[in-house]
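Asks: First, the structure itself, so that you have it in front of you.
2 protein chains.
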Amino acid sequence: MQNVALLGFGTVGASVARILDERISDVNLTSILVRAGKEHVDPRATSNFDAILSDSALDTVVECMGGLSPAYEYIKAALIAKKNVVTSNKAVVSAHFEEFMTLAAEAGVNLKIEACVCGGIPWIAGIQKVRRIDEISAFWGIMNGTTNYIVYSMLKDGTDFAEVLSKAQELGYAERDPSSDIDGIDVRSKTMISASIAFDVICTNQIPMSGIRNLTKRDLAMFGSHDMTIKLFGRGVSNGSSYAVVVEPVAVPLSAIEAHVPTNFNVATVVGDTIGELKFYGQGAGGNPTANAVVQDIIDCADAPIEGQQNFSANLLYNPELFVSDYVFRTQADIPGGSFWEPGAQLVKNLSAEKARELLTSALTQDPTTFMAALEKRN
Amino acid sequence: MQNVALLGFGTVGASVARILDERISDVNLTSILVRAGKEHVDPRATSNFDAILSDSALDTVVECMGGLSPAYEYIKAALIAKKNVVTSNKAVVSAHFEEFMTLAAEAGVNLKIEACVCGGIPWIAGIQKVRRIDEISAFWGIMNGTTNYIVYSMLKDGTDFAEVLSKAQELGYAERDPSSDIDGIDVRSKTMISASIAFDVICTNQIPMSGIRNLTKRDLAMFGSHDMTIKLFGRGVSNGSSYAVVVEPVAVPLSAIEAHVPTNFNVATVVGDTIGELKFYGQGAGGNPTANAVVQDIIDCADAPIEGQQNFSANLLYNPELFVSDYVFRTQADIPGGSFWEPGAQLVKNLSAEKARELLTSALTQDPTTFMAALEKRN
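Protein chains in written order, with UniProt numbering: chain A, 1 to 379; chain B, 1 to 379.
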């Protein structure tokens, strides 16, 4: 029997508790950390973290609070106290992955993070399994359900960005402050974590990042006339000696699987040298799917940790020049090196992701409505 | 160190040997069973199975021979001798799954079958992981790369079935006798195995099965005019008290992910009650991807077998009436209950999969070119 304490009782935390209670007979949920005054939510609820941690029978701490603090302090304390840690908190993991993994290795406990990326999709475990045999040359994916829902709805209903966003906010699909989703910050955390797993590197570099805040329905129609649609991608590549990661809107051909991912679903792809291209598709958010990933990790904590599985020891240089694409800028600004693509849109070929950001930043000062997307290379 | 013997040195077997030799340091490939006279292929090659099995240091037997006999006898002997068995042979597993699992449980060894279904895709492991938490209500998938390649090429190049098939045979994508692929026999084995894993039942029933032998480019154009394309699916459903499985061509809407699976790729979907819809996409065949799945299973044999993981104990009735669809018949035959769909094609609504086969069999006696497809329900 594995004894588990849960930190946080929001949408994901409550689903974790329900799944453990109703379905998992060899896990015992002993306590739930809530804010002071909220102890009535469950007989096991407490607002005293120290009391939770001092329970010598406790095996595993499950953090579903989100945010950087006190999640960071609690995870660190739990690892030092030799408890397994399972977390769904991408922000704190992407910021402190190396420190957490070092502490987990020193303590001989598990640190499990499946729910941080792509919700219920077994993406982290999938990459780890591929890496038992293969080197990974690339990964990419639709890793944010909110932005996929926005683009999907804009296309389906012919509505514009702001209208869909406010509807998504009403439905609870998007935050009141949507910048984490629509500017790519959420995808950046997930991409950094994915790169760490895929390439065995600490990915703390300044990633080229842009989002879909300025995407209009006219933009979608323009790309549509080229048999393309827009998806916000997190991407990583490695050539064995260096690696790069980027977060950006990509114009994908309608023949691509990614073009047909509906509503708030996610799909993520990894390429290994013997397995080839492998895709994982599913619910990237939501209480039950995310909680499912958390509970899968809890179940796996019954096994001893795999020694040094993630030791970030790969000797890879970060080289942003590895990402070179053709970029479309829909803007009234003058784009150096740009050629006509469509009325109001210019094409620049063979730009590095970093250089594209420089052009975008400059264009935005002249035309704050500028939208930029990379053109997916067609096979 | 795990000591492994390999039975069979064809495309998959040779890839398994290469991957083990070059990449997996804690597995020792000690011997390779080949046909008498072929011992020169590798210093470890032998034609003597009994000598292989009598090696008391041997941990795992890997069967990549294909076919029913002697694969059946060798697997049985290996399990009785308390060796783990890993196999890529869907035919022998679908025919003898219960007996093999019983022998493995009695011997306390692993029986691993990932490579039997969808090549390199972690589909079997994926279903097993979902089942740790969820009940599975449905699965479906494109599980045969050859037929996907045929339909993909017909659409892409505007060629007809026979032409694409003979090109696929030239390229080695299709067998000289293509009936296992195009009549659904290969998919039937994979669907039966998937159902056994998903629903924990022995699936030995006579499955409703039909293939794409009679599919023409005019048929594809007809379905295309309804924004649909044709894919050969293996499918299973369960409502908690009964289950059904079927192999058939399905007319899927162009909005579906499945419609955009290219060349010889596979995609398979499982639906669980908390995880929702989960899809796995990748190379469904080929030496390296299939060998990758075999090697993943070999690596997992280092762990002790999970007791009773597949004990086929679910108390589910087989009820073919669970599958009810609308069916299109392109035929000159008279279809009882059929109404006009397109010139030369009739629609019959709300047919069970079994009843549809009865109508198809009867229609084929009048018009041997008859093609039948189920219409995918749109969301």
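C-beta: ideal position from N, C-alpha, C; glycine also. In this text the structure is predicted, and so the values were computed from the model without any measurement.
Who are the Cβ neighbours of B/A363 in its own chain at under 7 Å, not counting the five residues just before and after it?
Replies: Excluding sequence neighbours, B/A363 sits near F329, T331, A333, I335 and T370.
Asks: Does the Cβ of A/T229 have 16 or more other Cβ atoms within 10 Å, making it buried, or fewer, making it exposed?
Replies: Buried is the call here.
Asks: From what residue to what residue does the alpha helix (DSSP H) around B/A372 run?
Replies: Strictly speaking, residue 372 of chain B in this sequence is Met, with Ala absent from that position. No alpha helix (DSSP H) contains B/M372, which is instead part of the beta strand (DSSP E) from F371 to L375.
Asks: Residues in the same chain with beta-carbon distance under 7 Å from B/R176, minus the five sequence neighbours each way, listed in chain order, please.
Replies: Correct list, in chain order: Q169.
Asks: Of all the options A/G37, A/G10, A/V12 and A/L53, which has the alpha carbon lying nearest to the alpha carbon of A/T30?
Replies: Nearest C-alpha to A/T30: A/L53.
Asks: Grab me the residues of A/A78's own chain with a C-beta within less than 6 Å of its C-beta, minus the 5 sequence neighbours each way, in chain order.
Replies: Around A/A78: V61 and V85.
Asks: Unbroken alpha helix (DSSP H) runs of length 4 or more, entirely within the segment 10-64 of chain B: which are they?
Replies: Listed in chain order, they are 11-23 and 49-53.
Asks: Determine which residues share a DSSP beta bridge with A/Y318 and list them.
Replies: A/Y318 pairs with A/Y243.
Asks: If you count every other CB in all the chains shown that lies within 10 Å of the CB of B/A51, and 16 or more means buried, which is it?
Replies: Exposed.
Asks: Closer than 7 Å, Cβ to Cβ, to anything on chain A: give me those residues from the segment 270-283 of chain B, in chain order.
Replies: If the cut-off is 7 Å between Cβ atoms, the segment 270-283 of chain B has T274, I275, G276, E277, L278, K279, F280, Y281, G282 and Q283 near chain A.
Asks: Would you please verify whether the beta carbon of B/I113 is less than 8 Å from any beta carbon of chain A?
Replies: No, B/I113 lies away from the interface with chain A (no Cβ there is under 8 Å from its Cβ).
Asks: Would you call the segment 104-123 of chain A and the segment 186-196 of chain A in contact, with 3 or more CB pairs under 8 Å?
Replies: Verdict: yes, contact present.
Asks: So is B/S255 in contact with chain A if we call contact Cβ pairs under 8 Å?
Replies: Yes, B/S255 lies at the interface with chain A (some Cβ there is under 8 Å from its Cβ).
Asks: Between B/P305 and chain A, is any beta-carbon pair separated by less than 8 Å?
Replies: No - not a single Cβ of chain A is within 8 Å of the one on B/P305.
Asks: For A/L232 and A/T147, which I take to be in contact (beta-carbon distance under 8 Å), what is that distance rounded to the nearest angstrom?
Replies: About 5 Å; that satisfies the 8 Å criterion.
Asks: Just to confirm before moving on: does the CB-CB distance between A/N319 and A/A244 stay below 8 Å?
Replies: Cβ atoms of A/N319 and A/A244: closer than 8 Å.
Asks: Assuming A/R132 is part of the beta strand (DSSP E), what are its boundary residues?
Replies: Here A/R132 belongs to no beta strand (DSSP E), and DSSP marks it neither H nor E.
Asks: Taking C-alpha atoms, which residue in A/A293, A/I275 and A/D297 lies nearest to B/G287?
Replies: When each option's Cα is compared against that of B/G287, the closest is A/I275.
Asks: Let me know the beta strand (DSSP E) ranges lying completely inside the segment 108-152 of chain B, each 3 residues or longer, listed in chain order.
Replies: 136-142, all fully within the segment 108-152 of chain B.
Asks: Tell me, please, whether the CB atom of B/H260 is closer than 8 Å to any CB atom in chain A?
Replies: Judged by the 8 Å Cβ criterion, B/H260 is in contact with chain A.
Asks: Quick check on DSSP: helix, strand or coil for A/P253?
Replies: Three-state result, A/P253: strand.
Asks: Which chain B residues are close to A/Q128, counting only those with a beta carbon under 9 Å from its beta carbon?
Replies: Near A/Q128 there are no residues of chain B at all, since even the closest Cβ is about 11 Å away, more than 9 Å.
Asks: Exposed or buried, which one is B/E321 when buried takes at least 16 other CB atoms within 10 Å?
Replies: Its Cβ having fewer than 16 others within 10 Å, B/E321 is exposed.
Asks: Taking the alpha-carbon positions, what's the A/P305 to A/L359 distance?
Replies: Looking at the two C-alpha atoms, the distance is approximately 46 Å.
Asks: Counting only beta-carbon atoms, is A/G120 nearer than 8 Å to chain B?
Replies: Yes, because at least one Cβ of chain B sits closer than 8 Å to the Cβ of A/G120.
Asks: Keeping to the same chain, check which residues put their C-beta closer than 7 Å to that of A/A95; ignore five residues upstream and five downstream.
Replies: Here the set comprises L68.
Asks: Strictly under 8 Å for the Cβ-Cβ distance: is A/G13 near chain B by that measure?
Replies: Closer than 8 Å: no.
Asks: Hey, could you find the ends of the beta strand (DSSP E) B/G287 is sitting in?
Replies: Not the beta strand (DSSP E): B/G287 falls in the alpha helix (DSSP H), residues G287 to D300.
Asks: What residues are listed by DSSP as bridge partners for A/M192?
Replies: Its beta-bridge partners do not exist; DSSP assigns none.
Asks: Does the separation of the CB atoms of A/F139 and A/G236 fall below 8 Å?
Replies: Yes, Cβ-Cβ distance for A/F139 and A/G236 is below 8 Å.
Asks: Could you give the residue range of the beta strand (DSSP E) that holds A/Y327?
Replies: Per DSSP, A/Y327 belongs to the beta strand (DSSP E) from V324 to R330.
Asks: Would A/Q2 count as contacting chain B if we go by Cβ distances under 8 Å?
Replies: Output row for A/Q2: interface = no.
Asks: Identify each residue in the segment 210-224 of chain A for which the Cβ-Cβ distance to at least one residue of chain B is less than 9 Å, and report them in chain order.
Replies: The segment 210-224 of chain A vs chain B, Cβ under 9 Å: nothing.
Asks: At least one CB of chain A closer than 8 Å to the CB of B/Q296: is that the case?
Replies: Chain A, which has a Cβ nearer than 8 Å to the Cβ of B/Q296, makes this yes.
Asks: Whose Cβ in chain A lies nearer than 9 Å to the Cβ of B/A291?
Replies: Neighbours of B/A291 on chain A, chain order: T274.
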